[in-house]
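Residue numbers for the sequence shown follow the working numbering, so the first one is 9 and each next one is one higher.
Some notes on the structure that comes next.
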Amino acid sequence: MTVLEQSGARRPAPTPATRRPRADPGPLLPESEPYRLLGTGAELDPGLLRRLYRHLVAGRRYNRQATALTRQGRLAVYPSSTGQEACQVAAALVLEKRDWLFPSYRDTLAAVARGVDPVQALGLLRGDRHTGYDPRTHRVAPLCTPLATHLPHAVGLARAARLKGEDVVALALTGDGGTSEGDFHEAANFAAVWRAPVVFLVQNNGYAISVPLAKQTAAPSLAHKAVGYGMPGRLVDGNDAAAVHRVLAEAVARARRGDGPTVVEAVTYRLDAHTNADDATRYRDEAEVAAWREHDPVGLLERELDARGWLDDELRSGAEREAEALAARLREELHRDPALDPADLFAHVYAEPTAQLREQAARLRAELAAEREAEEAGSAAGSSAEPAAEEEKGGEGR
Numbered sequence: 009m010t011v012l013e014q015s016g017a018r019r020p021a022p023t024p025a026t027r028r029p030r031a032d033p034g035p036l037l038p039e040s041e042p043y044r045l046l047g048t049g050a051e052l053d054p055g056l057l058r059r060l061y062r063h064l065v066a067g068r069r070y071n072r073q074a075t076a077l078t079r080q081g082r083l084a085v086y087p088s089s090t091g092q093e094a095c096q097v098a099a100a101l102v103l104e105k106r107d108w109l110f111p112s113y114r115d116t117l118a119a120v121a122r123g124v125d126p127v128q129a130l131g132l133l134r135g136d137r138h139t140g141y142d143p144r145t146h147r148v149a150p151l152c153t154p155l156a157t158h159l160p161h162a163v164g165l166a167r168a169a170r171l172k173g174e175d176v177v178a179l180a181l182t183g184d185g186g187t188s189e190g191d192f193h194e195a196a197n198f199a200a201v202w203r204a205p206v207v208f209l210v211q212n213n214g215y216a217i218s219v220p221l222a223k224q225t226a227a228p229s230l231a232h233k234a235v236g237y238g239m240p241g242r243l244v245d246g247n248d249a250a251a252v253h254r255v256l257a258e259a260v261a262r263a264r265r266g267d268g269p270t271v272v273e274a275v276t277y278r279l280d281a282h283t284n285a286d287d288a289t290r291y292r293d294e295a296e297v298a299a300w301r302e303h304d305p306v307g308l309l310e311r312e313l314d315a316r317g318w319l320d321d322e323l324r325s326g327a328e329r330e331a332e333a334l335a336a337r338l339r340e341e342l343h344r345d346p347a348l349d350p351a352d353l354f355a356h357v358y359a360e361p362t363a364q365l366r367e368q369a370a371r372l373r374a375e376l377a378a379e380r381e382a383e384e385a386g387s388a389a390g391s392s393a394e395p396a397a398e399e400e401k402g403g404e405g406r
């Protein structure tokens, strides 16, 4: 019992002037089951489905080829998105040209579907460049390897665009593991408070490398996390390309008209290992993988197109030809040894190089010059030794 109650002076506690009225959380809650369109008989756009199909077929072939190039030593690492292609293709196609895409390290396909050169998109994973492509050309931020650190960047860009009066939406992709990072909390909190025009697409593939979802969160779904920040959460079948596109389109439209951010959880599955350095058999069994192969995004869309009479030989063969041409270009370009300039290590780090960077760059130039001088001296010594060896050999013959 409080002092006020003891004295009989009962009165309500004052409400802080800055407190906003508590909103009804009902409209913010996600679906109880993932939203689906394929196989439901819903009205669908045949042109959109065909476009999604071409990108899915090309994306699947891209994943296979990039994985093969990793095994051949032509890529340092490749986080395959086989099984998750629907999420990435839908994310790229739902945006307007003026919008921005913020991909994570597994979202190469989203960048390519957005228009980034397929070879340049692999520059970071090959270790050639800081990014591999100019982010401003297609409004695609650099592939982000640290978990969720790009999410606050997306919010900052979206907020800045709104302050400048620009009609820009930022769509940021992350995985289920990314929602356990502090960066996700900070991004979601600021986005909701500022009503920033940003959409968070969480690709829940069941594992943060080897950690299953149940060991990193007790939330009913990852989409439910949105409610605590005061924004809506949506739950969608991540292997249903049409459903992902529709849910994202609604979230992007909501952000564009000034109604604030949305968290979209796409329930999907990573069919391949985490990367070429991962042994997925240590934490999941083949029966689980086989079950998800039956819910493969390419197969789901292909069956829908076929059932509606929209999958003809021209579409199927054309998609396959485009995919094979893409794979052939990857093989051709990535089997060439890159011409690298060590000085690039110090480029694009700061607008004005620091004293430490200038010192390091000078030291590297000196070391490289010394190596060249040693190589030239060795070549000269070898050249002068050859005639003597020939003369000695001739003397032995005599």
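Even glycine gets a Cβ: it sits at the ideal position worked out from N, Cα and C.
C-beta neighbour in chain B for Glu-189, strict 8 Å: Here there is only one protein chain, and chain B is not present.
Contact check, Ala-74 vs Leu-130, beta carbons under 8 Å: Taking the sequence shown and counting its residues from 1, one reaches residue 74 at position 66. Taking the sequence shown and counting its residues from 1, one reaches residue 130 at position 122. The answer is yes: Cβ separation under 8 Å.
Straight-line Cα distance separating Glu-174 from Val-96: If you number the sequence shown from 1, residue 96 lands on position 88. If you number the sequence shown from 1, residue 174 lands on position 166. As written in the sequence, residue 96 is Gln, which differs from the Val given in the question. The alpha-carbon atoms of Gln-96 and Glu-174 are separated by roughly 25 Å.
Whether Leu-209 touches Ala-263 by CB criterion (8 Å): Here residue 209 refers to the residue found at position 201 of the sequence shown. Here residue 263 refers to the residue found at position 255 of the sequence shown. No.
8 Å contact criterion, which Leu-243 and Pro-42 should meet: CB distance rounded: On the sequence shown, residue 243 is found 235 positions in, with the first residue counted as 1. On the sequence shown, residue 42 is found 34 positions in, with the first residue counted as 1. The Cβ separation is near 5 Å, so the contact holds.
Uninterrupted beta strand (DSSP E) stretches inside the region 209 to 276 (no shorter than 3 residues): 241 to 245 and 270 to 275
Leu-348 and Tyr-358 closer than 8 Å at C-beta: Taking the first residue of the sequence shown as 1, we reach residue 348 at position 340. Taking the first residue of the sequence shown as 1, we reach residue 358 at position 350. For Leu-348 and Tyr-358, no; Cβs fall outside 8 Å.
Cβ-Cβ distance between Asp-286 and Ile-217 below 8 Å: The residue labelled residue 286 in the question sits at position 278 within the sequence shown. The residue labelled residue 217 in the question sits at position 209 within the sequence shown. Going by C-beta atoms, Asp-286 is nearer than 8 Å to Ile-217.
Integer-rounded CB distance, given that Leu-101 should sit under 8 Å from Ala-84: The sequence position of residue 84 within the sequence shown is 76, counting from 1. The sequence position of residue 101 within the sequence shown is 93, counting from 1. In fact, because the Cβ distance is near 29 Å, the residues do not count as touching under 8 Å.
Three CB pairs or more closer than 8 Å across the region 242 to 261 and the region 182 to 197: no
Span of the beta strand (DSSP E), counted from its first residue to its last, around Trp-108: Within the sequence shown, numbered from 1, the residue matching residue 108 stands at position 100. From DSSP, the beta strand (DSSP E) with Trp-108 extends over 108 to 110.
Assigned secondary structure, Val-201 (DSSP; H/G/I helix, E/B strand, else coil): Residue mapping note: residue 201 aligns to position 193 of the sequence shown, counting from 1. DSSP, read as helix, strand or coil, puts Val-201 in helix.
Ordered list of alpha helix (DSSP H) runs contained in the region 137 to 183, each at least 4 residues: 143 to 146 and 158 to 171
Option nearest Val-272 by Cα separation, candidates Thr-139, Gln-211, Pro-346 and Ser-387: Counted from its first residue, the sequence shown places residue 272 at position 264. Of the listed residues, the one whose Cα sits closest to Val-272 is Gln-211.
Distance between Asp-115 and Pro-150 (C-alpha atoms, nearest Å): If you number the sequence shown from 1, residue 150 lands on position 142. If you number the sequence shown from 1, residue 115 lands on position 107. The straight-line gap from Cα to Cα measures roughly 10 Å.
Gly-238 classed as buried or exposed, judged by whether at least 16 other C-beta atoms fall within 10 angstroms: Here residue 238 refers to the residue found at position 230 when the sequence shown is read from its first residue. Counting Cβ neighbours within 10 Å, Gly-238 comes out buried, since at least 16 surround it.
Buried versus exposed, by CB contacts within 10 Å (16 or more), Thr-270: Counted from its first residue, the sequence shown places residue 270 at position 262. Classification for Thr-270: buried.
Segment contact flag, the region 159 to 167 with the region 193 to 206, C-beta cutoff 8 Å, min 3 pairs: Contact annotation: the region 159 to 167 touches the region 193 to 206, with at least three C-beta pairs closer than 8 Å.
Beta-carbon spacing of Leu-230, Asp-184 below 8 Å: Taking the first residue of the sequence shown as 1, we reach residue 230 at position 222. Taking the first residue of the sequence shown as 1, we reach residue 184 at position 176. Pairing Leu-230 with Asp-184 gives a Cβ-Cβ distance under 8 Å.
Rounded separation between Leu-342 and Arg-82 - CA only: Sequence index remark: in the sequence shown, residue 342 carries index 334 (1-based). Sequence index remark: in the sequence shown, residue 82 carries index 74 (1-based). Computed Cα separation, rounded: 6 Å.
Cα-Cα separation between Glu-104 and Asp-314, rounded to whole angstroms: Residue mapping note: residue 104 aligns to position 96 of the sequence shown, counting from 1. Residue mapping note: residue 314 aligns to position 306 of the sequence shown, counting from 1. In this model, Glu-104 and Asp-314 are separated by some 29 Å (Cα to Cα).
CB of Gln-158 within 8 Å of CB of Asn-247, strictly: In the sequence shown, residue 158 corresponds to position 150, counting from 1. In the sequence shown, residue 247 corresponds to position 239, counting from 1. Position check: residue 158 holds His in this sequence, whereas Gln was assumed. No, these two residues do not count as a Cβ contact at 8 Å.
Sheet register partners of Val-206 (DSSP bridge): On the sequence shown, position 198 is the one that residue 206 refers to. Ala-178, per the DSSP bridge assignment.
Sequence-distant residues of the same chain with beta carbon closer than 6 Å to Arg-106, five excluded per side: Translated into positions along the sequence shown, residue 106 becomes position 98. Closer than 6 Å at the Cβ level, and outside the excluded window around Arg-106, lie Val-176.
Alpha-carbon spacing of Gln-80 relative to Trp-202, whole angstroms: Numbered from 1 along the sequence shown, position 72 holds the residue referred to as residue 80. Numbered from 1 along the sequence shown, position 194 holds the residue referred to as residue 202. Using only the alpha carbons, I get a separation of about 47 Å.
Val-148 beta carbon less than 8 Å from that of Val-124: In the sequence shown, counting from the first residue as 1, residue 124 sits at position 116. In the sequence shown, counting from the first residue as 1, residue 148 sits at position 140. Taking 8 Å as the Cβ cut-off, Val-124 and Val-148 qualify as a contacting pair.
Under the three-state DSSP convention, the category Ala-389 falls into: Here residue 389 is taken as the residue at index 381 of the sequence shown, counted from 1. Looking at Ala-389 - three-state DSSP - the assignment turns out to be helix.
Simplified DSSP assignment, three categories, for Tyr-358: Translated into the one-based positions of the sequence shown, residue 358 becomes position 350. Three-state result, Tyr-358: coil.
CA nearest to the CA of Arg-278, picked from Asn-213, Ala-298, Glu-340 and Arg-59: Indexing the sequence shown from 1 puts residue 278 at position 270. Measuring from the Cα of Arg-278, the nearest candidate turns out to be Asn-213.
Straight-line gap, Glu-312 to Arg-329 (C-alpha atoms, nearest Å): Counting from one through the sequence shown, the residue named residue 312 turns up at place 304. Counting from one through the sequence shown, the residue named residue 329 turns up at place 321. Glu-312 and Arg-329 have their C-alpha atoms roughly 21 Å apart.
In chain order, each alpha helix (DSSP H) run of at least 4 residues that lies wholly inside the region 83 to 128: Note on the region 83 to 128: whole alpha helix (DSSP H) runs with a minimum of 4 residues are 93 to 101 and 116 to 122, in chain order.
One or two residues paired with Tyr-70 in a DSSP bridge: The residue you call residue 70 lines up with position 62 of the sequence shown. Looking at the DSSP assignment, Tyr-70 forms no beta bridge with any residue, so it has no partner.
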